[in-house]
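Note that the protein sequences, when read in sequence, are chains W and A.
Numbering-wise (the numbering used here), the first sequence opens with residue 1 and increments by one.
Numbering-wise (the numbering used here), the second sequence opens with residue 113 and increments by one.
What follows is a single structure, written as structure tokens, with notes after it.
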Amino acid sequence: AQSVTQLDSHVSVSEGTPVLLRCNYSSSYSPSLFWYVQHPNKGLQLLLKYTSAATLVKGINGFEAEFKKSETSFHLTKPSAHMSDAAEYFCVFYTGGFKTIFGAGTRLFVKA
Amino acid sequence: NAGVTQTPKFQVLKTGQSMTLQCAQDMNHEYMSWYRQDPGMGLRLIHYSVGAGITDQGEVPNGYNVSRSTTEDFPLRLLSAAPSQTSVYFCASSYGTTGELFFGEGSRLTVL
């Protein structure tokens, strides 16, 4: 069965320090994976997507994610957190045929 | 370019009342969907449509109806609201089979 698991419900970092949000997936074939960000009282916005073209994917606002098939992971990183990065982040697995599986979300807190 | 527009943004209902959440997109996307977001559960698919006149159930369809008479509009109807339907509702659309979703800003519904 296909699934996606976000390993942390909350992550707290200080401004200027690196961000790591972890996501593992389960699939018998090469998946399409996405990261979305949701700022308070807003809709979800696409950060980046992996569709097998390159394992290191760069997104908006300095975020990137690396697809690691051997570890079935698609972790989201950013070298230096900014206060404006405080939001909820969703790892999403697209199974094809318009079927999408959302992770439970990771809320990122950024301390000044 | 408005993207995906949802109305209303906020609504309070009494148990047993009915209402319709409106969703419209101006991107000529074939696929439209409704999700509900509850704390710690990510987004769960309620209903979706792959084109005008075609709808199908998602993960949590009970208590909700949809129709798709035009490509642009995809309303979600609650026929007899229950407190368990208190949630934030998101409409999303996408084109082709890319899996990339475009979201509205959400409708916050409270059922007393």
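The C-beta atom is built at its ideal place from N, Cα and C for all residues, glycine as well.
Remember, predicted model here, so these are calculated numbers, not experimental data.
Query raised in the report: By a C-beta neighbour count over all protein chains shown, 10 Å radius and 16 as the cutoff for buried, is residue 79 of chain W buried or exposed?
Result: exposed
Query raised in the report: When Cβ atoms are compared, which residues of the region 161-176 of chain A fall closer than 8 Å to chain W?
Result: 162
Query raised in the report: What does a CB cutoff of less than 6 Å around residue 95 of chain W pick up in its chain, not counting 5 residues either side in sequence?
Result: 2
Query raised in the report: Can a CB atom of chain W be found closer than 7 Å to the CB of residue 155 of chain A?
Result: yes
Requested in this report: Give the residues of chain W in contact with residue 215 of chain A, contact being defined as C-beta atoms less than 7 Å apart.
Outcome: 43, 44
Query raised in the report: Quick one, are the C-beta atoms of residue 184 of chain A and residue 136 of chain A less than 7 Å apart?
Result: yes
Query - Close-in-space but distant-in-sequence residues of the same chain around residue 10 of chain W (CB under 6 Å, 5 per side omitted) - result: If we look at residue 10 of chain W and ignore the five residues flanking it on each side, its Cβ neighbours are 107.
Query raised in the report: Can you tell me whether DSSP reads residue 2 of chain W as helix, strand or coil?
Result: coil
Requested in this report: Taking 7 Å as the cut-off, decide whether the C-beta atoms of residue 33 of chain W and residue 93 of chain W are in contact.
Outcome: yes
Query - Rounded straight-line distance, which links the Cα of residue 119 of chain A to that of residue 146 of chain A - result: 13 Å
Query raised in the report: Quick one: which chain A residues come within Cβ less than 7 Å of residue 94 of chain W?
Result: Simply 211.
Query raised in the report: Using the C-alpha atoms, what's the distance from residue 21 of chain W back to residue 8 of chain W?
Result: 7 Å
Query raised in the report: Exposed or buried, residue 26 of chain W, counting other C-beta atoms within 10 Å across all chains shown (16 or more means buried)?
Result: exposed
**Report entry** Segments assigned beta strand (DSSP E), at least 3 residues, entirely inside the region 31-99 of chain W
**Finding:** 32-38, 44-50, 56-58, 64-68, 73-78, 87-96
Query raised in the report: Are the region 118-132 of chain A and the region 61-74 of chain W touching, with three or more C-beta to C-beta distances below 8 Å?
Result: no
Query raised in the report: Looking at C-alpha atoms only, which residue of W:83, W:5, W:100 is the closest neighbour of residue 206 of chain A?
Result: It is W:100 whose Cα lies nearest to the Cα of residue 206 of chain A.
Report task. Taking only beta-carbon positions, decide if residue 87 of chain W is within less than 7 Å of chain C. Result -> No chain C is present in this structure, whose protein chains are W and A.
Query raised in the report: Quick one: what does DSSP say residue 129 of chain A is sitting in, helix, strand or coil?
Result: Coil at residue 129 of chain A, not helix or strand.
Query raised in the report: Residues bridged to residue 168 of chain A by DSSP?
Result: A:160
Query raised in the report: Can the beta-carbon of residue 50 of chain W be found less than 7 Å from the beta-carbon of residue 44 of chain W?
Result: no
Report task. Give the residues from the region 183-205 of chain A that approach chain W closer than 7 Å (Cβ to any Cβ), ordered along the chain. Result -> Correct list: 202.
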